[in-house]
Structures are given as C-alpha cells and as structure tokens.
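Take the sequence shown: its letters are residues 11 to 168, numbered as in my numbering. By construction, the Cβ of each residue, glycine as well, lies at the ideal position given by its N, Cα and C atoms. In this text, all values refer to a predicted model and were calculated from it rather than measured experimentally. Everything below concerns the one structure shown next.
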Amino acid sequence: MRFNPANQLRAAERSAEHRLGPSGERIRFEPRRCSALRSQAGFTLAEVLAALLFMAIVIPVAVQGLHIASRAGSVAERKAVGSRLAERKLNELLVTGQWQSSAQKGTMQEGLMSYSWSLQSEPWAEDGAMKLVTVHVSVPVQGRDYDVKVSTLVDATQ
C-alpha cells in the first residue's frame, strides 16, 4: 500500500470524530487562531505597576537589611580585636606595676586600625584591700565608637 496524504487526513478526521470524553460525549478538536492566543499573552498595565510598586518597597528594605548585617559583622569582628588588645594591655600594666597610677591613656595599632585605650583603677566595694582595674578600648566601626572593657581584681597591699 502506497502512502497517500489524503488517506492519512481522512483517517485523522475519523479518529478525531470518534474520540470520546470521560462521560462518553464526543470531543471535537478545533485549532485555535493566533488572535485568540495573542489576547491572552503578556501583562496588563496594572500588573506591571503592581510589580514595580512591590519592587520599590522590597528592594530598599533588603538593602537596609544587608547594611545592618554588614555593620553587625564588622562590629563583632572589631570588638573581638578590641577585647584582645584590652586584655593584652591589662596584662602588660599588671606585670609592669603601672596599674597603680590610675589616669593612663594611649593608642594601640593593630593592622591598619588605631585603637585608643584608657586605664581606670578604683577600690573594690566588697573588699577594701582589692582594687578593680579596668582597661577601656574604643573600637571605631563605620563612624561610630564602641567601648570594650576588660577588668580584673588586684591585691592593693602588694
């Protein structure tokens, strides 16, 4: 049997005519026109404006969130450096005995950053023979200064 396009077309029409739906009714398939598809494609002006409004609200909030997270990370990192420097300076002052002069100040360099420090020595309220020695380190982060304190008790009678 030879291939005949007309026979193929008739067979397709017959099979289309005999297709039945789930409830037994005949289903007729009709091709859609391009104009019907074209009217359903795309976005309306209201949808585009709603999307732009949503983006205008969400993007600044997300950027602000990233800025806050960046600052929090920088503050945590610099405070860790500040506490390490304060502990180092407190140990140095205790070993050399310079903690007894209460009004000391200075600056320390760590990498590219400069940190200012101050010493505070005061009698401990619980025991008059002990002194509370505190080193304050000022930690600059994005235009603001944060204070880190490290304290210890020292026997003042020695």
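query                                                                                                                                                              : result
Going by other Cβ atoms of all chains shown within 10 Å of its Cβ, with 16 needed for buried, is tyrosine 125 buried or exposed?                                   : buried
Mind checking who glutamine 130 pairs with in its DSSP beta bridge?                                                                                                : Thr144
On the criterion of 16 or more Cβ atoms from any shown chain inside 10 Å, does glycine 92 qualify as buried, or is it exposed?                                     : buried
With three or more C-beta pairs closer than 8 Å as the rule, is the region 97-107 touching the region 57-71?                                                       : no
Going by beta-carbon coordinates alone, are valine 145 and lysine 89 separated by less than 8 Å?                                                                   : no
Is it the case that the region 76-86 contacts the region 134-144, given that we only count it when at least three CB pairs across the two stretches are under 8 Å? : no
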